[in-house]
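Residue numbers (this note's numbering): 179 to 722.
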């Protein structure tokens, strides 16, 4: 595995590190030579000249971590550093959960004006090919690949209406998926608790999955239910995988709400059984017991039909509120058993509402003398449905069960943020700051829940395989030079729910495509990230 005698000098040489190569094999001591954007050699390379030699003798050297569910497609255009990701060793992010970066219509772009004004980035693209051009102009630090969102495609063709697609509309949706696959999408995704994804029938999803399958893509899903009806949701995933046929992945696997705690082993057994029957199914997770999304996602689906403006208008009507209250309580039987205390407000859009950030619904209701459900609805209305929350819905033992399982890859379910700049003006879930490092620090070093080599495999070669990234995720000559070198004694997440805005500790060096983006723990400012395109990609103009 050494560098050939004819090889030029190494640009970077990581000398004497404990190599965890991403395959799950035991670590070994070796040097790693990086030349250009590739790993040029691995072995005893002490005699090889290098432009930069890094003493890695006290560090673990591993492939750069791959976030199987990121949310940074806009974030990297606003702040290309992707600081909270690279400081935890993430070099590649996969995006596109249901509502992807493209395709877009002028109406879809107009619906996001408030957000665009806040962050100073407005889409100048309508296709995935157009987004890649914007990405390359921004020159972000990390690599990015994306799925095409079935929900976005549905909104493009149908809008936000709760109805079945006509045959003509379904053909238009299939054509949009085909175009996205040819422009580099990794597959097709759904996010089936949100509007408009939730309006799609299994048959509609299956039709789009079959298009992605023709291009070698994957189906990936935020399942229709992660609570009481999780078995039915799994049935739908397995049906799509079987009838596609298509590989299928489950986003952020969880068994949510107290009444479902302890069900994770049974869920994992069902995934194992499906694989034993020949279905190519797997999952990913983030290592935290709280989820995060918009506060209005807790409200009944019918009140959210048609988008944000219609939602807020309905909630202003007393009769509609009464119906919301009745349906909410039926859908949330645990609400009076601490439900308001388990919802933490982390960000609002309106400056006048900043006082609510970092407070629970229970605290807000008590301070304002309101019923907690009224406090929740009032806040949704006051901020035009832009409130983000953290919800403490999972059991630690269920998180650990999934983390131990060999079929469950790694994700953050977060966009890249930073300790300074516009993203520091609001709080976020700590998973954005320290998910990979929480696994390495808490679950590997402190709790010894899983071996270092297995943890690294779940963050490197496993997501690379699920996302069709054939030249990443393993330390091997010829592979892309995405690497992380961390101190196994100090690596840790420093972010908490109450105080999230902190980079991780112990990540000493990070290289993306052969360039150091973290050097001795400091962000360098280098921006070598690339778009990573899927198996169906057809370059504009051919040849194909």
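Beta carbons: idealized from backbone N, C-alpha and C, even for Gly.
Measuring only the C-alpha atoms, how far is residue 707 from residue 545?
47 angstroms
Would you report the Cα separation of residue 189 and residue 314, rounded to the nearest angstrom?
24 angstroms
Pull up the distance between the alpha-carbon of residue 284 and that of residue 304, whole angstroms please.
8 angstroms
Buried or exposed (CB count within 10 angstroms, at least 16 for buried), residue 191
buried
Determine whether the beta carbon atoms of residue 591 and residue 464 lie at a separation below 7 angstroms.
yes
Tell me where the beta strand (DSSP E) around residue 445 begins and ends.
Here residue 445 belongs to no beta strand (DSSP E); instead the alpha helix (DSSP H) covers 442-454.
Can you find the residues in the same chain that come closer than 6 angstroms, C-beta to C-beta, to residue 505, ignoring five residues on each side of it along the sequence?
478
Inside the region 254-297 only - beta strand (DSSP E) runs reaching at least 3 residues:
268-273
Confirm, please, whether the CB-CB distance from residue 256 to residue 297 is below 7 angstroms.
yes
Is the beta carbon of residue 535 sitting closer than 7 angstroms to the one on residue 523?
yes
At 3 residues or longer, what runs of the beta strand (DSSP E) sit wholly inside the region 507-554?
521-525
With distances taken Cα to Cα, identify the nearest neighbour of residue 467 among 718, 580, 414, 482.
580
Residue 621 - DSSP class collapsed to helix/strand/coil
helix
Please list the segments of the alpha helix (DSSP H) lying wholly inside the region 344-376, counting only runs of 4 or more residues, in order along the chain.
345-360
Same chain, Cβ closer than 7 angstroms to residue 259, neighbours up to 5 away in sequence not counted
319, 596, 701
If I measure Cβ to Cβ from residue 302 and keep anything under 7 angstroms in the same chain, skipping five residues before and after, which residues do I get?
312
Please report the straight-line C-alpha distance between residue 204 and residue 194, rounded to a whole angstrom.
16 angstroms
Just to confirm, are residue 208 and residue 220 a CB contact at a threshold of 7 angstroms?
yes
In angstroms with no decimal places, state the Cα-to-Cα distance between residue 662 and residue 458.
29 angstroms
Using 10 angstroms around the beta-carbon of residue 567, count the other beta-carbons present and answer buried if the total reaches 16, otherwise exposed.
buried
In the DSSP assignment, what are the bridge partners of residue 406?
DSSP, once it has assigned bridges, lists no residue as partnering residue 406.
What is the rounded straight-line gap between the Cα of residue 797 and the Cα of residue 348?
The structure shown has nothing for residue 797, since the chain only spans 179 to 722.
Tell whether a beta-carbon distance below 7 angstroms holds between residue 417 and residue 411.
no
Would you grab the beta carbon distance between residue 610 and residue 262 for me? Rounded to a whole angstrom, and I think it's under 8 angstroms.
5 angstroms
When you compare only the Cα positions, how much space is there between residue 634 and residue 310?
29 angstroms
To test your reading of the DSSP string, which unbroken alpha helix (DSSP H) runs of 4 or more residues are found completely within the region 639-699?
639-644
Which residues mark the beginning and the end of the alpha helix (DSSP H) in which residue 193 is found?
Per DSSP, residue 193 belongs to no alpha helix (DSSP H); it is in the beta strand (DSSP E), 188-197.
Compare the beta carbon distance of residue 326 and residue 353 with 7 angstroms and say whether it is the shorter of the two.
no
Note down the Cα distance separating residue 714 from residue 688, rounded to an integer number of angstroms.
30 angstroms
Using a Cβ-Cβ cut-off of 7 angstroms (strictly less than) and excluding sequence neighbours within five positions of residue 717, which residues of its own chain qualify?
none
Can you tell me whether residue 598 is buried or exposed, with buried defined as 16 or more other CB within 10 angstroms of its CB?
exposed
In the DSSP assignment, the beta strand (DSSP E) including residue 239 goes from what residue to what residue?
238-241
Could you compute how far the alpha carbon of residue 250 sits from the alpha carbon of residue 375?
20 angstroms
Euclidean distance between Cα positions of residue 636 and residue 526:
34 angstroms
To the nearest angstrom, report how far apart residue 240 and residue 398 are at their CA atoms.
26 angstroms
To the nearest whole angstrom, what separates the beta carbons of residue 236 and residue 427, a pair I think is in contact under 8 angstroms?
That pair is no contact at about 36 angstroms.
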